[in-house]
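K.L.:
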Amino acid sequence: MARTVKSYVKKAITEEVLPPQPPAARALAMKLVTDCDLLRLKVIARLHGRSLPPDLCWADLLQEAFARVLDGSRAIPPGVPTVAFLAGVMRSIKAEHWRRRRRANEQQPVLASDYQLVAAETAEACDPQPDPERWLIAAQQLEAIGTLFAQDPVALQIIAGLGDGLTAEEIRRSLGLNKTDYDSARRRMRRALIRAGLTLGVRT
Amino acid sequence: MSVRPDVGLERLIHGLEQELLEAADEEFLAGAQDLGMNPAMKGSAAFAGVKDLSPQLLRALRLAYQLRLKGEDA
Numbered sequence: 013m014a015r016t017v018k019s020y021v022k023k024a025i026t027e028e029v030l031p032p033q034p035p036a037a038r039a040l041a042m043k044l045v046t047d048c049d050l051l052r053l054k055v056i057a058r059l060h061g062r063s064l065p066p067d068l069c070w071a072d073l074l075q076e077a078f079a080r081v082l083d084g085s086r087a088i089p090p091g092v093p094t095v096a097f098l099a100g101v102m103r104s105i106k107a108e109h110w111r112r113r114r115r116a117n118e119q120q121p122v123l124a125s126d127y128q129l130v131a132a133e134t135a136e137a138c139d140p141q142p143d144p145e146r147w148l149i150a151a152q153q154l155e156a157i158g159t160l161f162a163q164d165p166v167a168l169q170i171i172a173g174l175g176d177g178l179t180a181e182e183i184r185r186s187l188g189l190n191k192t193d194y195d196s197a198r199r200r201m202r203r204a205l206i207r208a209g210l211t212l213g214v215r216t
Numbered sequence: 070m071s072v073r074p075d076v077g078l079e080r081l082i083h084g085l086e087q088e089l090l091e092a093a094d095e096e097f098l099a100g101a102q103d104l105g106m107n108p109a110m111k112g113s114a115a116f117a118g119v120k121d122l123s124p125q126l127l128r129a130l131r132l133a134y135q136l137r138l139k140g141e142d143a
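Read top to bottom, the protein sequences are chains A and B.
So that you can map any letter, position 62 of the first sequence is 74 in the numbering used here, and since no number is skipped, the others follow by simple counting.
So that you can map any letter, position 58 of the second sequence is 127 in the numbering used here, and since no number is skipped, the others follow by simple counting.
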């Protein structure tokens, strides 16, 4: 007996024969981005993934950014490169998630803790009260990034400078490096980041 | 680093993101090749999580489709 369309679709969904096309693949089909742009965005998404709340992973962040551009809720301004714009959208989605999480936590009863005392002493005046969970994730991820460059003392110093909010030129001058040595350290850093960003594993 | 970890991490990510935005396409292709991946190949592992959906999203979509089909059956 001929199989009905509905039973075919049901079987396809159950057996994962027809996975839906993700927004990033649709953007590629529409020539909004190239294959190489996708690799770049994957590495950037993975980098942002290091400071995401635990219920969200880098792939969700990347697909959500593409979805917002494709559904028109975020329009790419003229003259802005698509990849840079998508990176900005990922940043704003991440901030949105943390804000939502903070609002949810604010409804919980507040307990004074050692953490809050330490936080109050070290927080920058312009920043809001830090989230304990975010603080912990950040400390772990700073350590993980440090491990990534453990064999490269110059890269570690550059990372510390970037974390302190210094510009590339300020870091170069503070380390007393000439432009060639500094650029060569940056190339090594990019290579390590790209390798880490392209390795397998969707959740991490 | 002389700032709170969350502030330092966001600044660091921003700085490294700029590095990645400025990197040449060839650096990404070379990175993939270093890992034994061939981005020119259909279904290359380099695009895992990008051209396919994360298991979490796939599960959520499958559930939504199944609920819809059940609703149509009823």
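From the three backbone atoms N, C-alpha and C, an ideal C-beta is built for every residue, glycine too.
Between which two residues does the alpha helix (DSSP H) harbouring A:Thr-192 extend?
P.N.:
Reading the first sequence from its first residue, position 180 is the one you call residue 192 of chain A. From DSSP, the alpha helix (DSSP H) with A:Thr-192 extends over 191 to 210.
K.L.:
Does the beta carbon of A:Gln-153 sit closer than 8 Å to a beta carbon anywhere in chain B?
P.N.:
Sequence index remark: in the first sequence, residue 153 of chain A carries index 141 (1-based). Chain B contact via Cβ: present.
K.L.:
What does A:Ile-171 reach in chain B if we use C-beta pairs closer than 7 Å?
P.N.:
As a first step, residue 171 of chain A must be located in the first sequence, where it is residue number 159. The answer, in chain order, is Leu-81.
K.L.:
Measure from the C-beta of A:Ile-157 to each C-beta in chain B and report whether the shortest distance is under 8 Å.
P.N.:
By one-based count along the first sequence, residue 157 of chain A stands at place 145. Yes, because at least one Cβ of chain B sits closer than 8 Å to the Cβ of A:Ile-157.
K.L.:
Please report the Cβ distance between B:Met-106 and A:Leu-210, rounded to the nearest whole angstrom; I am assuming they are in contact, meaning their Cβ atoms lie under 8 Å.
P.N.:
Your numbering for residue 106 of chain B matches position 37 in the second sequence. Your numbering for residue 210 of chain A matches position 198 in the first sequence. Indeed, because the Cβ distance is near 7 Å, the residues count as touching under 8 Å.
K.L.:
Taking the alpha-carbon positions, what's the A:Glu-145 to A:Glu-155 distance?
P.N.:
Counting from one through the first sequence, the residue named residue 145 of chain A turns up at place 133. Counting from one through the first sequence, the residue named residue 155 of chain A turns up at place 143. Going by the C-alpha atoms only, they are around 16 Å apart.
K.L.:
A:Leu-53 and A:Val-95 look like a contact to me (Cβ under 8 Å); what is the Cβ gap, rounded to whole Å?
P.N.:
Numbered from its first residue, the first sequence carries residue 53 of chain A at position 41. Numbered from its first residue, the first sequence carries residue 95 of chain A at position 83. Going by Cβ atoms, the distance from A:Leu-53 to A:Val-95 rounds to 6 Å, so yes, they are a contact pair.
K.L.:
Check whether the stretch 170 to 179 of chain A and the stretch 81 to 97 of chain B are in contact - that is, three or more C-beta pairs closer than 8 Å.
P.N.:
Verdict: yes, contact present.
K.L.:
How about A:Asp-49 and B:Pro-108: are their beta carbons less than 8 Å apart?
P.N.:
Taking the first sequence and counting its residues from 1, the one referred to as residue 49 of chain A is at position 37. Taking the second sequence and counting its residues from 1, the one referred to as residue 108 of chain B is at position 39. For A:Asp-49 and B:Pro-108, no; Cβs fall outside 8 Å.
K.L.:
How about the stretch 112 to 119 of chain A and the stretch 82 to 92 of chain A: do they share at least three Cβ pairs that are nearer than 8 Å?
P.N.:
No, because fewer than three Cβ pairs between the stretch 112 to 119 of chain A and the stretch 82 to 92 of chain A fall closer than 8 Å, the two stretches do not touch.
K.L.:
Between B:Gly-77 and chain A, is there a C-beta pair that is closer than 8 Å?
P.N.:
Sequence index remark: in the second sequence, residue 77 of chain B carries index 8 (1-based). By this cut-off, B:Gly-77 is an interface position.
K.L.:
Would B:Lys-120 pass as a contact of A:Pro-165 if the rule is Cβ separation under 8 Å?
P.N.:
Taking the second sequence and counting its residues from 1, the one referred to as residue 120 of chain B is at position 51. Taking the first sequence and counting its residues from 1, the one referred to as residue 165 of chain A is at position 153. No, they are not a contact pair.
K.L.:
What is the rounded straight-line gap between the Cα of A:Asn-117 and the Cα of A:Leu-59?
P.N.:
Here residue 117 of chain A corresponds to residue number 105 of the first sequence, with the count starting at 1. Here residue 59 of chain A corresponds to residue number 47 of the first sequence, with the count starting at 1. Cα to Cα, A:Asn-117 sits roughly 25 Å from A:Leu-59.
K.L.:
Counting only the same chain and skipping the five closest in sequence on each side, list residues whose C-beta sits under 6 Å from that of B:Pro-74.
P.N.:
Residue mapping note: residue 74 of chain B aligns to position 5 of the second sequence, counting from 1. Taken in chain order, the list of residues that qualify is empty.
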